[in-house]
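A.B. asks:
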Amino acid sequence: MLVDRARVEAALPGYELGEQLGAGGFGLVLAASHRRMARDVAIKVLAGAGRAGNELAPGLGEDRAAAGIASEAVILANLDHPHIVRVYDYLEFDDLRLIVMERLSGGPLSSHLNVLGGPRACAVGLAVASALTCAHGHGVLHRDIKPENMLFDAARLLKVADFGIAKLVTGPEAMASAVVGTPLFMAPEQMAAGRLSAATDLYSLGVVLHLLLSGGTAAVNGPAVVPPVVWQDHLAARRLLPDDVPAPVAAVVLRALAEDPAQRPASARELAMELAEAAASSYGSGWIARTGLVLYLDEAVRSVAERESPSPLPLPPAAGAVPGESAVGTPVVGTPDPDASTSGAPDLPVPDLPTPDPLARDLSARETPAPGGSQTPRPGAARRKHRAPAVPGKSGRGLNRRSLLIGVPAAAAVAAAGVGAAVAVNRARDSTPDEPVLRPLGEPLPGHTGWVTSLVAFPDGRILASGSSDGTFRLWDVSDPAHPRAMWASPDLGEGVLSLALSTNGYQLVSGHWDRKVRMWDVRDPENPTEITIRLPAGRDRVTSVSFGDDPRILVCGGQFGEVRIWNVADPTNPRQLGLFDAVQNTVGTVPSVADSRQGKITWARPTLAPYATLVAAYDGEAIQLWDLPALDAPSRIPRPLRGHSGEVHGFAFSPDGLVLASGGKDLDIRLWDLTNATDPKTLGKPLTGHRSRVWALAFSSDRNRLVSGSWDRTIRLWDVENPAAPRLVARSGTDHKDQLLAVVFAPDGRTVFSGCKGGEIRVWDVSGHSAGTAP
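Numbering (this note's numbering), first residue to last: 10 to 785.
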């Protein structure tokens, strides 16, 4: 379909148009990005002139198509569910009809039919059944459930899309006004233009499950074909499934494929309950977590899906999973087992750090579940209350000064990671509705167009520095936190800023970049910083972290794969290398020319320097390793690693005295470590729980009594760690960021927290009323 891009741009001047994502008889879909909000979207466009058509319903022309796209916008706007694609706007411009909706980068389910396997097929079934429960509860039949219309976002959250031929009904059944849909997935009554009901969509879901369980051998896309044999002779369908499909699962699929709608499950929720029970009995407790897929389920379905099984079938190993979140009610969380095999199924996309190259940037609005974001399973059902976090209760210990440099490798590959791994289950606990909430001060700080990867608060409390994947860093006047103002923006440095550090004397700001370079600026006049020529030779890795020691002449640069270089930069034009080692591969004085990804377990490191640089730590794919630095050029690894996390560790923070280390990552937990004796580190209390997605950013207050955490669930949480052996939640954000959190920092006076996210947004939070000791 030909559409004049200039007309679309005229209709949507606030968006920058990108590539064409798809096209069909009723229109096309374009990638776009909101110019001010930095939100990636997909724009569905329909033009007039009678171009619309459909091979199954040739009489559906311009008027019907226009009505269809308008109806789709209305339907999606009223279906607020985590497993249904979001719509942001609809407008009509001349003869154009346009829907602005979220863009999903993980690709359609049809791209993964032959790689999912039984447990993951069942997880897909539960996700779609949850979406259909919502849609049917609003009187909407989808009528075109198929893998092409099921899309993954970057966090492996499956969403049902394309409600273009959905039908609104006012009773339990409706007559089909025309034969529309995709033949392979159409129920007998739909093919015959008969009475349609919720069972019609359930039949289509049954076909999808059949394809997933049989390895996707049937043709999904193509010309109109005769209805599949599974509804002509559904009793023979079991013989078409592989022998390794468990009988309980096969029985659920067969029932969904019954030729008579009355013999199918009575509702999508009933199908979900049956499938959850069949999967639990077949694959064992914790099977959802092992799939690595993000799920939202109501409490009853979740409970059935997680019940213990006396004789579970093993889940085949696959490559590194992303923690899943379950849903409507309470989340089910999967975290990867570092010892799990990395062989097996091919990959599904997962989130990663930003790629400054515009051709390689993520193309979706990456959404992760937000606190309280549960969807009611039926109209009028009340949202369930969330459970409060467990509070550790062990007594504290005395501490003395030590410090660390932390390497944080994370298994977040740019393109993909595998679908699932053998994992442990760790249930995220939600906050209760009466918890204190943090409110943002004013509007988000505008300016960045890429991921906000780093935030630095200047010691005087007046200046905030922010670095972004858009290739710039910015300085902000935050002396009045409620009314911050932009002070200065660097020129486009060409490659993304991955890290920032301010020297201890406050004179120099250093940035680490995607192109493996380090840049330095004199910021004594923050209204007009000047670049300082620094001639550091490029290392092996992208510079994911930069840190100054107590001596502002000492600069530590950490690389993507664990490379650590220590420099004397007293003369930036002639820096002197003091130390070099690979904190992951355990080499000193040199680093291997080829980075070791540990089979995908450590593909992103973020070394962090503690206040007193006498130790180094790095996550090596199995545990956090500690390195002693008796001299800057003589690191040695301490025998006792820090174990406890069940997945990659993404975020680290040291208390200002260097005595406590906080770590967080893929397993959603935050752990505190006692570094009183670095040769014998101890775990402090129980893990801090509550986040629903990866914990990426952590920061202590200057008095060490509070900790703030930022997560890919788009929220921050404030913790009382005055007694680190018994930490507790103080407050959580009441307003979500629009995207995943990547950076947090306290203001020096501890009254304000700053946070930055993937969408370029920086928020300011008032935490003055939430000091340590404040009861939640």
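A virtual CB, placed ideally from N, CA and C, is assigned to each residue, including glycine. Being a predicted model, the structure only gives us computed values, none of them experimental.
When we look at the beta-carbon of threonine 599 and count the other beta-carbons within 10 Å, is it buried (16 or more) or exposed?
C.D. replies: Label assigned to threonine 599: exposed.
A.B. asks: Please determine if the region 479 to 497 and the region 737 to 748 are in contact, where contact requires at least 3 C-beta pairs separated by less than 8 Å.
C.D. replies: Short answer: they don't touch.
A.B. asks: Taking Cβ positions, are lysine 53 and isoleucine 108 nearer each other than 9 Å?
C.D. replies: A contact, by the Cβ cut-off of 9 Å.
A.B. asks: Who does histidine 522 pair with in a DSSP beta bridge?
C.D. replies: Per DSSP, Val506.
A.B. asks: If you compare alpha carbons, which of Gly674, Leu684 and Ala256 is closest to proline 665?
C.D. replies: The residue with the shortest Cα to Cα distance from proline 665 is Leu684.
A.B. asks: Assign histidine 492 to one of three DSSP states: helix, strand, or coil.
C.D. replies: Here histidine 492 sits in coil by DSSP.
A.B. asks: Taking only three categories from DSSP, how would you classify aspartate 637?
C.D. replies: Strand.
A.B. asks: With distance defined between alpha-carbon atoms, name the residue in Ala47, Gly301, Pro22 and Val94 nearest to proline 128.
C.D. replies: Among Ala47, Gly301, Pro22 and Val94, the Cα nearest to that of proline 128 belongs to Gly301.
A.B. asks: What is the DSSP secondary structure of lysine 145, counted as helix, strand or coil?
C.D. replies: At residue 145 the sequence reads histidine, which differs from the lysine that was named. Here histidine 145 sits in helix by DSSP.
A.B. asks: Counting pairs of beta carbons, one from the region 461 to 470 and one from the region 490 to 509, are three or more of them closer than 8 Å?
C.D. replies: The answer is yes - the region 490 to 509 touches the region 461 to 470, with three or more Cβ pairs under 8 Å.
A.B. asks: Give the DSSP bridge partners of arginine 646, in chain order.
C.D. replies: Answer is Trp636.
A.B. asks: Look at the Cβ atom of serine 478, then the Cβ atom of glycine 505, and state whether they are nearer than 9 Å.
C.D. replies: Yes, the Cβ-Cβ distance between serine 478 and glycine 505 is below 9 Å.
A.B. asks: Just tell me which of Val730, Arg649, Gly36 and Asp637 has its CA closest to the CA of alanine 662.
C.D. replies: Per the Cα distances, Val730.
A.B. asks: If you draw a straight line from the alpha carbon of phenylalanine 709 to that of isoleucine 543, how long is it in whole angstroms?
C.D. replies: Their backbone Cα atoms lie some 30 Å apart in a straight line.
A.B. asks: Over what stretch of residues does the beta strand (DSSP E) that includes serine 554 continue unbroken?
C.D. replies: Its beta strand (DSSP E) spans residues 552 to 557.
A.B. asks: If the criterion is Cβ atoms closer than 9 Å, does the pair leucine 218 and alanine 130 meet it?
C.D. replies: Yes; because the gap between Cβ atoms is below 9 Å, this pair is in contact.
A.B. asks: Going by beta-carbon coordinates alone, are valine 773 and glycine 451 separated by less than 9 Å?
C.D. replies: Cβ atoms of valine 773 and glycine 451: closer than 9 Å.
A.B. asks: Taking the beta carbon of phenylalanine 102 as the centre, do at least 16 other beta carbons fall within 10 Å, making it buried, or is it exposed?
C.D. replies: It is exposed - the Cβ of phenylalanine 102 has fewer than 16 other Cβ atoms within 10 Å.
A.B. asks: Between the alpha carbons of valine 704 and glycine 476, how many angstroms are there, rounded?
C.D. replies: C-alpha separation (whole angstroms): 19 Å.
A.B. asks: With a threshold of 16 other CB atoms inside 10 Å of the CB of aspartate 689, please say whether the residue is buried or exposed.
C.D. replies: The residue in question, aspartate 689, is exposed, as its Cβ has fewer than 16 Cβ neighbours within 10 Å.
A.B. asks: Suppose the cutoff is 8 Å on Cβ atoms and the five residues either side in sequence are ignored; what does the same chain contact list for threonine 761 look like?
C.D. replies: Contacts found: Leu450, Val487, Pro490, Phe755, Val773, Trp774, Asp775, Val776 and Ser777.
A.B. asks: For serine 554 versus threonine 617, is the C-beta spacing smaller than 9 Å?
C.D. replies: Yes. Within cutoff.
A.B. asks: Report yes if the C-beta distance between aspartate 210 and leucine 150 is below 9 Å; otherwise report no.
C.D. replies: Yes, these two residues count as a Cβ contact at 9 Å.
A.B. asks: Checking 9 Å against the spacing of the C-beta atoms, do arginine 106 and valine 50 come in under that value?
C.D. replies: Contact flag unset, no.
A.B. asks: For leucine 651 and valine 658, what's the separation of their Cα atoms in angstroms?
C.D. replies: Answer to the nearest angstrom: the Cα atoms are 11 Å apart.
A.B. asks: Do leucine 518 and proline 538 have their CB atoms nearer than 9 Å?
C.D. replies: In this structure, proline 538 lies closer than 9 Å to leucine 518 by Cβ.
A.B. asks: Give me the Cα-Cα distance between alanine 281 and aspartate 676, rounded to the nearest whole angstrom.
C.D. replies: Distance between the alpha carbons of alanine 281 and aspartate 676 is about 26 Å.
A.B. asks: Looking only at its chain, what residues have a beta carbon closer than 6 Å to the beta carbon of glycine 215, apart from the 5 residues adjacent to it on each side?
C.D. replies: Excluding sequence neighbours, glycine 215 sits near Val262, Ala265 and Leu266.
A.B. asks: Return the residue from the list Gly459, Lys767, Gly694 and Ala592 that minimises the CA-CA distance to alanine 706.
C.D. replies: Of the candidates Gly459, Lys767, Gly694 and Ala592, the one whose C-alpha sits nearest the C-alpha of alanine 706 is Lys767.
A.B. asks: Have a look at Leu697, Ser213, Asp580 and Gly568 and flag the residue whose alpha-carbon is nearest the alpha-carbon of proline 561.
C.D. replies: For the residues Leu697, Ser213, Asp580 and Gly568, the minimum Cα distance to proline 561 belongs to Asp580.
A.B. asks: Using C-beta distances below 7 Å, list every residue in its chain close to glutamate 18, excluding the 5 sequence neighbours before and after it, in chain order.
C.D. replies: Closer than 7 Å at Cβ, skipping near neighbours: Leu26.
A.B. asks: Evaluate aspartate 171 with the Cβ neighbour count: other Cβ atoms within 10 Å of its Cβ, from every protein chain shown; 16 or more gives buried, anything less gives exposed.
C.D. replies: Buried, because 16 or more other Cβ atoms sit within 10 Å of the Cβ of aspartate 171.
A.B. asks: Give the range of the alpha helix (DSSP H) segment to which glutamine 199 is assigned.
C.D. replies: Taken as a continuous stretch (DSSP letters only), the alpha helix (DSSP H) holding glutamine 199 covers 197 to 200.
A.B. asks: Look at the alpha carbon of aspartate 788 and the alpha carbon of serine 499, and state the distance between them as a whole number of angstroms.
C.D. replies: Residue 788 lies beyond the range of the chain shown here (10 to 785); nothing can be said about it.
A.B. asks: Below 8 Å on the Cβ atoms is my contact criterion, and I expect leucine 587 with aspartate 501 to pass it. Report the Cβ-Cβ distance as a whole number of Å.
C.D. replies: Not quite, the Cβ-Cβ distance comes to about 32 Å (not below 8 Å), so this is no contact.
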